[in-house]
Amino acid sequence: MVRVRFAPSPTGYLHIGSARTFIFNWLYARRNGGTMILRIDDTDVERNTEASLNSIYDGLRWLEMDWDEEYRQSDRIELHKKAAWAIFEAGHAYRDFTPATNTDDEATSANSTRGPWLCNPGMRELTAEESERRAAAGEPFVLRFRVPRGEGRTIAFADSVYGEQSKSADDVEDFALLRSNGMPTYHMASCADDADIKISHIIRGQDHLSNTFKHILIFEALKAEIPQFAHLPLLVAPDGAKLSKRKHGPVVSVTTYRDAGFLPHSYVNFLCLLGWSPKDNREQMSRQELMESFSLAGVNRSNAVVNFSEEDPIDPKAIWLNSQHLRVWPVDELAPRVKAVLAAAGLAALEPESQYQWVVDTIRSRFFTLNDFATKGRAYFADDFPMQPEAVVKLDAAPARELLRELAVRIEALPEFSEASVEAALRALAEEKGVKAGLLINGSRAALTGQTVGPSAFAVFAALGRERVVKRLAAV
RNA sequence: GGCGCUAUCGUCUAACGGUUAGGACGGAGCCCUCUCAAGGCUUAAAUACGGGUUCGAUUCCCGUUAGCGCUACCA
């Protein structure tokens with residue numbers, strides 16, 4: 093019975109690395125008929141905000157992800173405390189009355205040349221009586237795990253991604269379970285919950301790989317079954333540093349990609365390719381294909397760089413992949429999404445629906461994001477659209493303007509308006525005037541769309557309809 | 001500093017110890033064409049370094065270097 097969880101702490105918007113972790117968990121659950129659990133790790137009251145909680149929901153909803161069970165750690169603090177004291181009762185934890193040290197003072201902690209910190213002097217050896225007495229006297233303490241020491245104990249586990257892992261218990265410090273205010277630490281709360289809700293596979297970022305040794309100790313002390321672990325390589329910036337909002341800005345937030353006009357399943361596809369491969373050269377994959385192909389064995393071990401820069405704030409491969417999905421996505425599913433983007437830009441879809449969908453289908457092959465429909469595609473949905481300088485150049489190529497106005501007259505007089513009839517009329521006019529058809533074809537595109545690039549000019553005629561075509565050509 | 005992890009084109013990645021080290025994005029070039037950041041084709045571009053093991057290492061082992069993570073009463 094596969095039970096996996098994604099456990100974000102709501103201290104910021106949904107990060108793309110977190111989103112990928114969710115996706116891998118979700119894929120694993122769906123692939124194996126398991127249960128996907130969302131657990132909000134909101135025990136850090138100082139940093140939690142309602143806004144970031146909403147951003148997590150928004151992000152997951154946008155990615156079209158779902159889950160089967162949901163928990164909130166703040167509802168379960170009593171359970172965590174109980175678990176901590178059970179560990180204490182079993183003799184695997186002790187009270188440490190050492191006052192909190194100033195963590196800003198780096199010389200006293202991590203960079204000390206005196207060697208690794210393992211525990212505070214004297215506290216492990218306190219007698220039960222003295223420990224009780226000082227606690228009863230109201231002296232503050234943290235509850236620390238009593239890590240087996242000097243017994244030659246090796247903690248080992250087989251990570252589904254990183255393989256056999258082991259570490260001497262002598263290298264693991266006596267980490268805290270309960271703070272001096274009685275509140276559980278992350279390690280305590282997380283493991284107590286994982287044990288309680290019977291998580292079978294913990295799939296999470298590689299930044300927890302070293303923490304896993306502590307977690308195994310906790311699971312053992314709780315007499316809980318130890319889950320299978322799978323750590324995921326991290327997503328990093330081009331300089332190799334961990335992605336952070338302060339340093340790297342909006343690239344790290346999934347809302348950036350939503351707002352940039354990405355298709356959710358395309359962005360999911362992109363995220364999956366960062367650190368995972370189906371190993372058969374496929375890249376563009378539907379959600380169904382991802383579900384069928386995903387396996388932890390396909391996850392690799394080195395960090396993946398999200399390739400962005402000043403000039404290209406979004407990874408070019410993400411954009412390319414989106415364009416590929418944009419081209420093949422069923423039009424009837426794409427059309428409503430385009431409609432939403434148009435509406436946001438104050439534009440209305442065309443009537444009837446069949447014509448609208450035909451236009452969407454016609455113009456999408458040159459677009460990269462949904463937003464392109466409202467920008468590059470504006471001329472198809474509105475009469476006010478910008479004229480590119482290159483388009484003006486095309487029109488200024490004499491005798492383009494004069495002939496386009498003549499073309500307007502002829503199109504208006506056409507007994508029947510269609511791609512074929514317009515083409516015939518245009519070619520006849522060109523021949524008559526002794527100019528190349530290209531002059532009128534390219535001139536038409538420029539006059540009708542304000543652009544020199546786009547679909548076949550005859551498709552443009554059909555997309556706009558006779559009325560707009562005549563109006564725009566006559567007005568050149 | 002201690003401990004853990006990682007190392008293939010610029011980027012994402014593929015390669016039961018035996019391949020001309022493959023694919024994709026991006027770059028360059030060509031073709032097609034009524035235009036195009038569309039499509040088709042071509043091309044440049046990588047096994048971090050040094051030692052082993054082996055008939056043969058991208059692949060296994062050791063070391064070096066570099067990067068990342070943990071080393072908090074953060075998560």
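FYI, our numbering numbers position 259 of the first sequence as 351, with every residue one higher than the one before it. Every residue gets a Cβ at the ideal spot worked out from N, C-alpha and C, and that includes glycine.
- Counting C-beta pairs closer than 8 Å gives fewer than three between the region 389–398 and the region 136–145, which falls short of the contact rule.
- At a Cβ-Cβ threshold of 7 Å, leucine 413 and asparagine 361 count as neighbours.
- Taking all protein chains in view, the Cβ of tryptophan 209 is surrounded by fewer than 16 other Cβ atoms within 10 Å, so the residue is classified as exposed.
- With a beta-carbon spacing of about 4 Å, proline 102 and leucine 145 fall inside the 8 Å limit used to define contacts.
- For alanine 483, the uninterrupted alpha helix (DSSP H) segment begins and ends at 481–488.
- Taking a C-beta distance under 7 Å as the contact criterion, histidine 107 and alanine 313 do not qualify as a contact pair.
- Annotation: leucine 388 to alanine 329 spans about 24 Å, alpha carbon to alpha carbon.
- With a beta-carbon spacing of about 16 Å, leucine 540 and leucine 521 fall beyond the 8 Å limit used to define contacts.
- Within the model, the alpha-carbon separation for alanine 427 versus alanine 436 is close to 14 Å.
- Ranked by Cα distance from phenylalanine 237, the first of Pro444, Arg502, Leu326 and Leu309 is Leu309.
- Secondary structure within the region 387–468: the alpha helix (DSSP H) runs of 4 or more consecutive residues, fully enclosed, are 408–420, 423–436, 445–455 and 463–466 (chain order).
- DSSP places glutamine 380 in the uninterrupted alpha helix (DSSP H) bounded by 379–385.
- Arginine 123 and methionine 383 do touch by the CB rule: their CB atoms are close to 6 Å apart, below 8 Å.
- The beta-bridge partner set that DSSP reports for glutamate 161 consists of Ile129.
- In the displayed model, isoleucine 533 falls within a helix according to three-state DSSP.
- For alanine 227, the CB contacts under 8 Å within the same chain, skipping 5 residues up- and downstream, are Arg187 and Phe233 in chain order.
- Leaving aside the five residues that flank asparagine 534 on each side, the residues in its chain whose CB is nearer than 8 Å to its CB run, in chain order, Lys486, Thr544 and Ala549.
- In terms of Cα proximity to glutamate 156, the closest of Phe267, Asn303 and Ser358 is Ser358.
- Counting C-beta pairs closer than 8 Å gives three or more between the region 443–456 and the region 408–425, which meets the contact rule.
- Residue burial is scored here from C-beta neighbours: methionine 93 has fewer than 16 other C-beta atoms within 10 angstroms and is therefore classed as exposed.
- In this structure glycine 530 is not in contact with arginine 537, their Cβ atoms being roughly 10 Å apart against a cut-off of 8 Å.
- In the DSSP assignment, leucine 235 falls within the unbroken beta strand (DSSP E) covering 234–237.
- If you compare the alpha carbons of Tyr472, Arg429 and Arg458 with that of glutamate 443, the shortest gap goes to Tyr472.
- Only residues of its own chain outside the window of five on either side were considered, and among them Val239, Pro240, Arg245 and Ile247 have a CB closer than 6 Å to the CB of alanine 261, listed in chain order.
- DSSP, reduced to helix, strand and coil, places tyrosine 186 within a strand of the structure shown.
- Between glycine 542 and proline 478, the C-beta gap is smaller than 7 Å, which places the two residues in contact.
- Per the C-alpha coordinates, the member of Val397, Asp288 and Ala281 positioned closest to lysine 334 is Val397.
- Within the model, the alpha-carbon separation for leucine 439 versus glutamine 447 is close to 16 Å.
- Uninterrupted beta strand (DSSP E) stretches at least 3 residues long and entirely within the region 298–347 occur at 320–324, given in chain order.
- For isoleucine 289, the secondary structure class from DSSP, reduced to helix, strand or coil, is coil.
- Here alanine 500 is near valine 562, since their CB atoms are less than 7 Å apart.
- When the five nearest sequence neighbours on each side are left out, the beta carbons in the same chain lying within less than 6 Å of the beta carbon of serine 457 are those of Arg419, in order along the chain.
- According to the DSSP assignment, glutamate 256 belongs to the beta strand (DSSP E) that extends over 255–260.
- Between the C-alpha atoms of glycine 274 and arginine 296 there is a straight-line separation of about 27 Å.
- Scanning Asn212, Glu494 and Ala432 for the CA closest to the CA of glutamate 265 turns up Asn212.
- Counting along the chain, the unbroken beta strand (DSSP E) around valine 96 starts and ends at 95–98.
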